[in-house]
Amino acid sequence: MIKNLRNVSLLLAFALSFVACNKDRLQVDPVNQVLSSNYYQTELHVAEALIGAYDPVGWTMAFGQWISPVMFGEIRSDNANAGGDPSNNDQPGWQEFDDFRETNINTLIHPLYRRSYIGINRVNSLLSNTDTSNPEMASDAVQVYLAEAKFLRAFYHFEVFRHFGPIPVVTEELAPDAVNLERNTLSEVMQQIINDCEAAAAVLPTLPASGQEGRATKGAALALMGKAYLYWADLSGDNAEKFDAAASALQEVVDLGIYELVDDMGSLYTQGSRNTTEAVFEIQHNPLYQSDWGWFEGIDGNGIIQLCGIRGLCAEHPTYEAGWGFMAVTEGLYNHFLDDDHYRRDVTIASEATLEQDMIDAGLSCDPIIDATQNNPIDYTGYFQVKYQNFKAFAGTNVNGGNEHLTKAQNTHYIRYADVLLMLAEALHRGSGDDGSAMAHIDALRERAAGPGDNAGEFRTASQLMADEGFSLLDVIWYERRAEFACEGDRWTDLVRSGRAESGLFVGDGDKEGNFSEDNLWLPIALEETVLASGLTSYPDASLFN
């Protein structure tokens, strides 16, 4: 994941995980006990193992399936549908996931689950076997490495939690016979995430060292802690104390004084834009991996760029090349943007009309959509996400012979400073009730959303929206979250944690309509896991949320 340490031996990464074997299971695969117990003898060994622990963060493909967090957070929601080719059966796992037809043998859910626990196991191997009483391990650098590992353990637990609900908390290296895992409670899961974030934030640097972009920082740990507290507050019944705790952590991020909103929101999504002043934690992708269609497990490139590009796009288009049409934007998302929010809308979504205008502006003549029916006709709306778009400039940027479809170097936005501000606004409003401060944070985003430059007096403030549109302040927050982070992977989990995921969202929405029920709030843990661990249930019991 991290560019200047990519030459670490792959042998170590494989030895410290259970990814290398088709018999790979959370509960049963042995870690090489001799290697893990004897390897960690120097600072360099810990640094190398840490790179292996970071690696799954950036996977957009694993175990033969696309597993981007962006797709998981959007395709299940009212923002997007699976898309793909006209058969309505392109990537069947994604079609089932989109339409709420998934079961515990769906092809996506096990790779998603395994990805996080592979990361957790690599972290636990590092933490369990690094002897800090050894003089070789007494350096400040080792303490930072251990703090990074704790951040990663929090990250992986949070990622698997927000799709599967309360899941097994694992804080020790798994033994070969560890088959008795079961789900922990909501409180146990969230407390572990928060404990790891707190421990990490106390040690991590404020800024990464030069050339180490993408590494965990104090701000990243505090922001993840704030996000975890928001989920905990919502899922435990609008707990004001938890909202206050979220606000405290997120205010610490603001008080660091190192993050700011970029002037032009559109610049966040242009080819080559990476690690801006708005990046609190950004998943790194690079074109260095020798990925091809014979070996593309755990690719480091952003594979969804090709997967979610515009299907059937005219080859002459000046900026984009055609992709495979996944993550098809809904008309409902396009219509969500208010009349004075078109700049932010157009940063997020293209339409057939805007693609045609691109051709006219370039002095070219062809129908930009060669054949709209190349897209899944049930999901096709004529609208396309452009935050993770297939830029022609990506072509040929792979440097080690990898396939250009698998080695796109556009990073994934995981937590932007905009998210910190909106989460803080929400926590302040729903906790202490400091609505004045909450609206000030919202207004900062709304001014930027109006376009580059000074927009003072040129946008409607939160209070004006409330007056003009009849919104409550919480309505404004929900409006802003959907508009600001559309097609970035937070929509579905925002709906679930806030209790707003309900069947009315999908009226008129292709195959989704009529399929959703409360049983679909959480994904089932795969059959391959539950048959091995008799105490591990497919779905979380309601008692786990008490």
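Taking our numbering, I'd label the letters of the sequence shown as residues 2 to 547. Built from N, CA and C at the ideal position, the CB exists for glycine as well.
Practice prompt. Could you spell out the range, first to last residue, of the alpha helix (DSSP H) harbouring T494?
Written response: Boundaries of the alpha helix (DSSP H) around T494: 492–498.
Worksheet item: For A16, which of helix, strand or coil comes out of DSSP?
Response: With a pLDDT of 38 at A16, under the threshold of 50, the modelled position of this residue cannot be trusted, and the question is left open.
Fill in: Spatially closest choice to A1 from M62, A527, M424, G458, by CA coordinates
What the structure shows of the chain is the stretch from 2 to 547, and residue 1 is not part of that stretch, so it cannot be assessed.
Fill in: heavy atom of the ligand HEM below 7 angstroms from F73 C-beta
Although the ligand HEM was asked about, the structure shown includes no ligands whatsoever.
Fill in: Local conformation of A202 per DSSP, three classes
Helix at A202.
Worksheet item: Who are the Cβ neighbours of K393 in its own chain at under 7 angstroms, not counting the five residues just before and after it?
Response: Only T320, Y321, E322 meet the Cβ criterion.
Practice prompt. Would you please state the rounded distance, in angstroms, between the beta carbons of A329 and D380? I believe it to be under 8 angstroms.
Written response: Taking the Cβ atoms as the reference, A329 lies roughly 4 angstroms from D380, within the contact range of under 8 angstroms.
Discussion item. Whole angstroms are fine: how far does the CA of V497 sit from the CA of D99?
Written reply: When only Cα atoms are considered, D99 and V497 end up about 15 angstroms apart.
Practice prompt. Give the DSSP-derived three-state secondary structure of T207 in the structure shown.
Written response: T207 carries a coil assignment under DSSP once its states are collapsed to helix, strand and coil.
Worksheet item: Quick one: any contact between the segment 383–390 and the segment 327–341, if contact means 3 or more CB pairs under 8 angstroms?
Response: Yes: at least three Cβ pairs fall under 8 angstroms.
Worksheet item: How many Å lie between N33 and A217 at the Cα?
Response: Model confidence at N33 stands at a pLDDT of 44, short of 50, so the residue's coordinates are unreliable; what they give is reported in the following sentence. When rounded, the distance between both Cα atoms is 27 angstroms.
Discussion item. With H, G and I counted as helix, E and B as strand and the rest as coil, what does DSSP make of E283?
Written reply: In the structure shown, E283 adopts extended strand secondary structure according to DSSP, grouped into three states.
Fill in: Member of N107, G53, A54 whose CA lies at the smallest distance from the CA of L524
Cα-wise, what sits closest to L524 is N107.
Practice prompt. Check each candidate in N401, V532, R102, E489 and name the one with the smallest Cα separation from C309.
Written response: Of the listed residues, the one whose Cα sits closest to C309 is E489.
Fill in: Length of the line joining the Cα atoms of P453 and T408
Rounded to whole angstroms, the gap between the alpha carbons of P453 and T408 is 31 angstroms.
Worksheet item: Which residues mark the beginning and the end of the alpha helix (DSSP H) in which I306 is found?
Response: Residue range 305–308 is occupied by the alpha helix (DSSP H) that includes I306.
Worksheet item: Is there contact between the segment 460–470 and the segment 427–445, where contact requires at least three CB pairs shorter than 8 angstroms?
Response: When C-beta atoms of the segment 460–470 are compared with those of the segment 427–445, three or more pairs fall below 8 angstroms, so the two segments count as touching.
Worksheet item: Within 10 angstroms of its Cβ, does G304 collect 16 or more other Cβ (buried), or is it exposed?
Response: G304 comes out buried.
Item to complete: Less than 8 angstroms between the CB atoms is what I'm expecting for L225 and F156, so what's the real figure, rounded?
Response: Confirmed, Cβ separation roughly 6 angstroms.
Discussion item. Quick check: the Cα distance between L528 and P167, rounded to an integer number of angstroms?
Written reply: Within the model, the alpha-carbon separation for L528 versus P167 is close to 17 angstroms.
Fill in: Nearest-angstrom Cα separation, counted from H286 out to V145
The alpha-carbon atoms of V145 and H286 are separated by roughly 23 angstroms.
Discussion item. Under 8 angstroms: do the segment 351–367 and the segment 260–274 share three or more Cβ pairs, one atom per stretch?
Written reply: Counting Cβ pairs under 8 angstroms, fewer than three are found: no touch.
Practice prompt. Please say whether V204 and A148 have beta carbons closer to each other than 8 angstroms?
Written response: Yes, the Cβ-Cβ distance between A148 and V204 is below 8 angstroms.
Practice prompt. Please confirm if G313 has its CB atom under 8 angstroms from at least one CB of chain C.
Written response: The chain inventory of the structure shown lacks chain C, comprising one protein chain alone.
Discussion item. Comparing C-alpha positions only, which one of R123, L231, Y418 sits nearest to I259?
Written reply: Checking every option, the nearest Cα to that of I259 belongs to Y418.
Fill in: Where the alpha helix (DSSP H) through V330 begins and ends
For V330, there is no enclosing alpha helix (DSSP H); the residue is part of the beta strand (DSSP E) that begins and ends at 327–330.
Fill in: Same chain only: Cβ atoms within 7 angstroms of P112, ignoring 5 sequence neighbours per side
Sequence-distant partners of P112 (beyond 5 residues in either direction) whose C-beta falls short of 7 angstroms from its own C-beta, in its chain, are A63, F64, Q66, I68.
Worksheet item: At what residues does the alpha helix (DSSP H) containing R417 begin and finish?
Response: Here R417 belongs to no alpha helix (DSSP H); instead the beta strand (DSSP E) covers 413–417.
Worksheet item: By Cβ distance, which residues of its chain are closer than 8 angstroms to A450, with the 5 residues on each side in sequence left out?
Response: Closer than 8 angstroms at Cβ, skipping near neighbours: M266, D342, Y344, R345, F460, A484, E485.
Discussion item. Taking the alpha-carbon of I526 as reference, which of H164, V71, P87, A50 has the nearest alpha-carbon?
Written reply: Closest option to I526, judged by alpha-carbon separation, among H164, V71, P87, A50: H164.
Fill in: Beta-carbon proximity list for Q92, same chain, < 8 angstroms, skipping 5 on both sides
Contacts found: W67, A83, G85, F327.
Practice prompt. Would you kindly work out how many angstroms separate the C-alpha atoms of F546 and L236, rounded to a whole number?
Written response: Their backbone Cα atoms lie some 7 angstroms apart in a straight line.
Practice prompt. State the CB to CB distance for the pair D245 and S433, rounded to an integer number of angstroms; the pair is presumed to be in contact (CB under 8 angstroms).
Written response: Contact between D245 and S433 holds: their C-beta atoms lie close to 6 angstroms from each other, under 8 angstroms.
Discussion item. Checking the sheet assignment: what are the DSSP bridge partners for L314?
Written reply: L314 is bridged to I370.
Practice prompt. Drop a sphere of 10 angstroms on the beta-carbon of Q28, count the other beta-carbons inside from all chains shown, and report buried for 16 or more, exposed for fewer.
Written response: Annotation note: pLDDT 42 at Q28 (below 50); position unreliable, no value reported.
Worksheet item: Leaving out the 5 sequence neighbours to the left and right, which residues in its chain are closer than 7 angstroms to C367 when beta-carbon positions are compared?
Response: Counting only Cβ-Cβ distances below 7 angstroms, and skipping sequence neighbours, we find C315, E317, M360.
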